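Undergrad: Pasting in a structure now, in structure tokens, and then I'll have a few things to ask.
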Amino acid sequence: MIDRIILLVEDNPDDQELTLRALKLNNILNEVVTVEDGAEALDYLFCEGEYADRDPNEMPQVVLLDLKLPKIDGLEVLRRMRADERTRLLPVVILTSSNEERDVAEGYGLGANSYVRKPVDFGEFREAVRNLGLYWLLLNQPPPPKGSKWLRSSGH
Amino acid sequence: MSWLLPLSIAGLLALAVAAVSWIAYRDVRGTALAHGAERLEDSAVQLGPLLSSSSFESIRAVAADPAVLRALQTPSSTSAAAASAVLERALSDSEAEAAALWDAFPTLVTSVAGEPTSEGPTPPAGEPPSWAAADSVSISGFRHENGAIWFDGAAPVLERETLLGHIVVTSLVSSDSALVRRLSDLIAPGARFIVGQRGGTWTDLIGRADPPPEEAFTAARATPYESSSGHQVLGHGTPLNGPPWLLWVEVPVEPMLDQAREFLSRIIPVGLLVVMAGAAGGVTLSNRINSRLGDVRSAAAAIAAGAYGRRAPTGSYAELDELAIAFNFMAEQVGDSQARLEEQIVVRTAALEATEAEFRALATTAPDAIVTADADGHITYFNPGAERIFGLAADEAVGQPLTILMPDRFQEAHERGFSRHVREGDGHFAANLRELVGRRRDGSEFPLELALAGRRHGGRMSFTGIIRDITDRKQREESVRRYASELEAANRELEAFSYSVSHDLRAPLRAIHGFSQALAEDYEERLDEQGVRILGRVRAAAERMGLLIDDLLELSRATRAEMQRERIDVTGLSRRIVAELAATEPQRDVEVRIAQGLVATADPHLLTLVLSNLIGNAWKFTGKEERAIIEVGCSEAHEFYVRDNGAGFDMAYVDKLFHPFQRLHPDSEFTGTGVGLALVQRIILRHGGSVRAEGQAGEGAAFYFTLPTESQQQGRLET
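For the protein sequence lines, the chains are A and B, in the order given. Residue numbers for the first sequence follow the numbering used here, beginning at 541 and rising by one. Residue numbers for the second sequence follow the numbering used here, beginning at 4 and rising by one.
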């Protein structure tokens with residue numbers, strides 16, 4: 541099985557680097573596409589704007605989504621993803637500093653698959669990322685991709 | 004027959020009335036006389052000393068003069084002349100008119116006479132003083148000579164108790180007639196007093212007076228008799244102290260009987276009325292008896308004609324007695340109830356006046372406006388409070404329509420409402436509060452609160468309104484509303500702040516922590532031991548800051564979060580918390596005593612925070628104890644407590660305990676951020692409870708808190 545893309549939606553370069561480092565230290569070698577705000581994330585997912593010529597069949601295996609983002613915030617990105625047939629079942633892990641109850645509740649309410657609060661302690665963060673990778677990248681059977689994938693799997 | 008009965012009744016009544024009146028008159032008269040006599044006796048006794056205070060004692064000094072003694076021891080013309088000179092000197096010093104010296108035989112040794120008085124020449128002391136006592140000053144009776152009344156006073160001349168003779172001075176009885184009259188009037192109008200000796204000469208102190216009748220002297224009390232002037236008088240005498248005289252007082256009886264006469268003049272018309280009423284009653288009675296007799300007669304005639312069944316109506320003259328008894332009884336009852344009624348009226352009038360005064364004082368001093376109006380909506384009363392609130396004097400307001408107290412735009416609505424009250428208000432309706440707008444005299448408007456009560460009195464409605472100017476209250480309400488919205492805005496801001504703190508403050512910390520770790524890992528071979536240690540401290544500081552931020556957020560959330568009160572099993576909750584703690588440090592041996600059946604009503608999340616912090620503290624601070632004990636319970640006073648035998652604290656710092664980030668132990672001994680107890684206090688205060696701490700350094704600590712809502716459900720559950 542080819543390692544599929546992880547979409548990291550994160551505006552803070554420190555957090556970007558630390559997340560990448562945590563992934564690397566956990567031997568998660570999937571390609572990571574990093575986008576810095578909510579608009580860019582939606583462009584990537586729906587192959588628009590800058591990402592208009594991307595292959596729409598190549599959907600990320602998991603989206604690591606920060607909540608506090610420039611332009612369009614994380615919860616809005618999640619809402620639009622769930623509203624769209626193409627991304628309705630895509631696993632989304634909310635990765636945020638906030639542990640405000642309303643964010644957690646709203647996140648799950650909008651269909652987040654997981655909610656991880658980024659701890660200050662990098663050791664803990666690394667452990668959390670390891671568990672995420674283990675579950676979402678190795679154990680979890682992702683939903684079939686739109687159209688072709690479904691046809692392909694039913695055909696074999 | 005028809006006139007005989009009334010006439011005889013009237014006659015009998017007239018006799019009875021006359022007899023009763025006469026007896027009553029006698030009584031009244033007797034009482035008046037007795038009263039007069041008593042007064043008379045009193046005045047006689049009081050007048051006595053007034054008259055006896057004379058200066059007779061002064062002649063005792065003359066009798067002791069050596070010249071007088073010598074004239075009697077060695078009689079000669081020279082010694083007599085010397086004695087004369089002494090006598091003359093004595094006369095000029097006294098009120099006496101003449102003086103004489105008698106020897107013991109008695110023969111006249113010498114005599115002197117003063118100036119002739121207005122009454123005439125002084126009569127010589129012609130008689131030897133046979134009446135004079137041998138050992139004391141004595142006074143003679145009155146003499147009537149030369150048209151005047153005189154009397155003599157004598158003093159014995161003694162040498163070693165041997166009587167040598169007497170000095171005799173003669174005085175004129177005369178007094179100012181006006182003074183005498185005034186004295187008399189003091190006793191009673193028309194009274195007269197006289198002085199004299201029984202069987203001797205009497206004087207009224209002006210001239211000679213007729214003596215009282217002989218029989219009056221023997222009476223012990225005041226006696227009535229006819230005076231010399233022909234008037235009926237009461238007379239009484241009393242001996243004077245000193246002179247051998249009686250003071251006799253006469254008072255005319257007539258004025259004393261005025262009372263009795265007045266009584267008569269009143270009772271006679273009443274008697275006449277009674278007689279006339281009796282006569283009228285007699286006529287009625289006679290007619291009735293006649294008619295009854297007529298009944299009997301006609302009954303008899305009917306029987307004679309053969310109608311044997313006929314009977315005369317029964318009845319007899321005994322009815323008259325019964326009638327009289329019933330009438331008397333009724334009269335008595337009427338009298339009694341009239342008296343009772345009058346008494347009640349007096350009592351109730353007084354009570355009513357007191358109540359009225361109280362209410363008037365109340366209305367006058369009340370800070371609220373009290374306004375009454377009649378059914379036409381015209382003001383009938385306007386208290387000082389109303390004057391102040393509306394800026395309108397009572398005499399300007401009374402008689403005016405109520406509409407002057409409100410802005411024009413409300414007047415139509417007022418009149419509709421008012422006429423509905425007048426129409427529908429049956430008796431009285433309960434006072435209800437409403438908020439309206441009032442108008443002052445100067446036209447300015449103000450919000451008011453009106454309590455209105457109506458009452459139907461004698462078919463007319465009247466209204467009482469108590470009006471309060473609520474301008475201040477409105478302003479307060481407005482500012483409370485403003486504060487509330489400001490507070491709400493501030494809270495929203497705080498919430499936004501906390502939210503961004505939780506995001507933005509933690510991100511750099513994560514970077515610090517993460518990159519120092521990256522540095523330590525990636526450049527391990529280039530860092531010496533000191534470099535690794537320093538990076539470790541950087542990470543530790545970042546972690547600690549992360550904890551502080553988390554606690555701060557928790558504190559802010561505990562203050563802001565909505566509370567949902569539920570009944571909570573405190574015993575079970577405490578056990579779960581202890582179990583979690585024990586799981587983190589399974590090696591520790593802690594004796595935990597949690598009371599059975601503890602129940603509270605509180606927000607479950609917040610109470611969990613409280614107990615986690617308190618039990619967590621107890622767990623932490625007993626970490627160095629050999630035999631750690633933690634107790635959770637509830638006192639008799641419904642105070643929950645968490646007690647331990649751990650490190651405790653010094654009571655001197657108890658005030659710091661509940662302040663955020665205040666710690667009483669160094670982090671090297673016990674870790675912590677110092678937010679836990681601040682959080683506990685904030686949560687308990689939000690529940691309306693209170694929290695306090697007791698402790699002693701090295702001996703343990705106890706934290707008490709109450710959750711007062713539904714206190715009856717709180718504390719130990721009795722099972």
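We put the CB at the ideal spot given by N, CA and C, even for glycine. The model shown is predicted, which means the values in this text are computed figures rather than measured ones.
Quick one: which chain B residues come within Cβ less than 8 Å of K719/A?
TA: Summary: the structure shown does not reach residue 719/A, with chain A confined to residues 541 through 696, and so no result is reported for it.
Undergrad: One question on the structure: do A366/B and I373/B come within less than 7 Å of each other, judged by their Cβ atoms?
TA: A contact, by the Cβ cut-off of 7 Å.
Undergrad: Regarding R685/B and the ligand NAP, is the C-beta to nearest heavy atom distance less than 6 Å?
TA: The model on display carries no ligand, and the ligand NAP is accordingly not part of it.
Undergrad: Counting only Cβ-Cβ distances shorter than 7 Å, please list the residues of the stretch 542-566 of chain A near chain B, keeping chain order.
TA: The residues in question are N552, D554, D555, L558, R561.
Undergrad: Taking 7 Å as the CB-CB cut-off, is L710/B touching chain A?
TA: Answer no: the Cβ-Cβ gap between L710/B and chain A never drops below 7 Å.
Undergrad: Less than 8 Å between the CB atoms is what I'm expecting for S577/B and R542/B, so what's the real figure, rounded?
TA: Incorrect: roughly 35 Å between the Cβ atoms, too far for contact.
Undergrad: Can you name the start and end residues of the alpha helix (DSSP H) that T204/B belongs to?
TA: Careful: T204/B lies outside any alpha helix (DSSP H) and carries neither H nor E.
Undergrad: Contact check, A592/A vs R666/A under 8 Å by CB: the rounded distance?
TA: Their Cβ separation, rounded to whole angstroms, is 36 Å, which puts A592/A and R666/A out of contact at 8 Å.
Undergrad: Relative to the C-alpha of M621/A, which residue among R594/A, L560/A, L650/A, T636/A is closest?
TA: Per the Cα distances, L650/A.
Undergrad: Over what stretch of residues does the alpha helix (DSSP H) that includes E498/B continue unbroken?
TA: Counting along the chain, the alpha helix (DSSP H) containing E498/B begins and ends at 474-503.
Undergrad: Is it the case that the Cβ atoms of A696/B and F706/B are separated by a distance below 7 Å?
TA: Contact: yes.
Undergrad: So V660/A contacts chain B; which residues on that side make the cut at Cβ distance below 7 Å?
TA: Under the 7 Å cutoff, chain B gives R509, L512, R513, H516, A545, E546, G549.
Undergrad: Thinking C-alpha only, which one of E528/B, D525/B, D261/B is nearest T34/B?
TA: Of the candidates E528/B, D525/B, D261/B, the one whose C-alpha sits nearest the C-alpha of T34/B is D261/B.
Undergrad: Do R513/B and V617/A have their CB atoms nearer than 7 Å?
TA: Not in contact: R513/B and V617/A (Cβ atoms no closer than 7 Å).
Undergrad: Cβ closer than 9 Å: which chain B residues qualify as neighbours of E598/A?
TA: Within 9 Å Cβ-Cβ: nothing; E598/A doesn't reach chain B, min ~30 Å.
Undergrad: So if I threshold CB-CB distances at 7 Å, which residues from the stretch 475-505 of chain B count as touching chain A?
TA: Under the 7 Å Cβ criterion, the stretch 475-505 of chain B contributes Y502, S505.
Undergrad: Please go through the same chain and pick out, in chain order, the residues whose beta-carbon is closer than 6 Å to the beta-carbon of E438/B, but skip the five residues on each side of it.
TA: E452, listed in sequence order.
Undergrad: Is Y526/B helix, strand or coil when you go by DSSP?
TA: Of the three classes helix, strand and coil, the one that applies to Y526/B here is coil, per DSSP.
Undergrad: Taking 7 Å as the threshold (C-beta atoms), are P610/A and D554/A in contact?
TA: Contact: no.
Undergrad: Give the interface partners of A603/B over in chain A, defined as CB-CB distance under 7 Å, in chain order.
TA: Neighbours of A603/B on chain A: none; closest Cβ ~23 Å, over 7 Å.
Undergrad: Should R419/B go down as buried or exposed, given a rule of 16 or more other Cβ atoms within 10 Å for buried?
TA: With fewer than 16 Cβ atoms within 10 Å of its Cβ, R419/B is classed as exposed.
Undergrad: Within 7 Å (strictly less), CB to CB, does S638/A reach chain B?
TA: With 7 Å as the cut-off, S638/A counts as an interface residue toward chain B.
Undergrad: Name the chain A residues whose beta carbon is nearer than 7 Å to that of G521/B?
TA: Gly is not the amino acid found at residue 521/B; the sequence shown has Ala there. The answer, in chain order, is R561.
Undergrad: Throw me the rounded Cβ distance for the P663/B and L558/B pair, which I believe falls under 8 Å.
TA: About 6 Å separates the two Cβ atoms, so the contact holds.
Undergrad: Per the contact definition of three or more C-beta pairs closer than 8 Å, is the stretch 205-220 of chain B in contact with the stretch 89-98 of chain B?
TA: No, the stretch 89-98 of chain B does not touch the stretch 205-220 of chain B.
Undergrad: Would the stretch 68-85 of chain B and the stretch 153-173 of chain B be scored as touching if the rule is three or more Cβ pairs under 8 Å?
TA: Judged by Cβ distances under 8 Å, the stretch 68-85 of chain B makes contact with the stretch 153-173 of chain B, as three or more pairs qualify.
Undergrad: First and last residue of the beta strand (DSSP E) that includes V115/B?
TA: Run containing V115/B: 111-116, per the beta strand (DSSP E) assignment.
Undergrad: Just checking, does the stretch 274-283 of chain B make contact with the stretch 212-220 of chain B on the three C-beta pairs under 8 Å criterion?
TA: No contact exists between the stretch 274-283 of chain B and the stretch 212-220 of chain B.
Undergrad: For A640/B, count neighbouring C-beta atoms within 10 Å of its own C-beta (all shown protein chains included) and say buried if the count is 16 or more, exposed if not.
TA: It counts as exposed.
Undergrad: Would you mind telling me which residues of chain B sit closer than 8 Å to F665/A, beta carbon to beta carbon, in chain order?
TA: Within chain B, the residues near F665/A are R513, G517.
Undergrad: According to DSSP, is F727/B part of a helix, a strand, or is it coil?
TA: Chain B is shown only over 4 to 722; residue 727/B falls outside these bounds and no answer can be derived.
Undergrad: Taking the Cβ atom as the reference point for each residue, do S638/A and K658/A lie within a distance shorter than 7 Å?
TA: No, these two residues do not count as a Cβ contact at 7 Å.
Undergrad: Apply the 10 Å Cβ neighbour rule to L18/B and answer buried if 16 or more other Cβ atoms are within range, or exposed otherwise.
TA: Answer is exposed; the Cβ neighbour count stays below 16.
Undergrad: Measuring alpha carbon to alpha carbon, tell me which of L710/B, C637/B, A369/B, L610/B ends up nearest G679/B.
TA: Of the candidates L710/B, C637/B, A369/B, L610/B, the one whose C-alpha sits nearest the C-alpha of G679/B is L610/B.
Undergrad: Tell me the DSSP bridge mates of V160/B?
TA: Paired residue(s): G168/B.
Undergrad: Distance check for D411/B and G441/B, CA to CA, integer angstroms please.
TA: Computed Cα separation, rounded: 10 Å.
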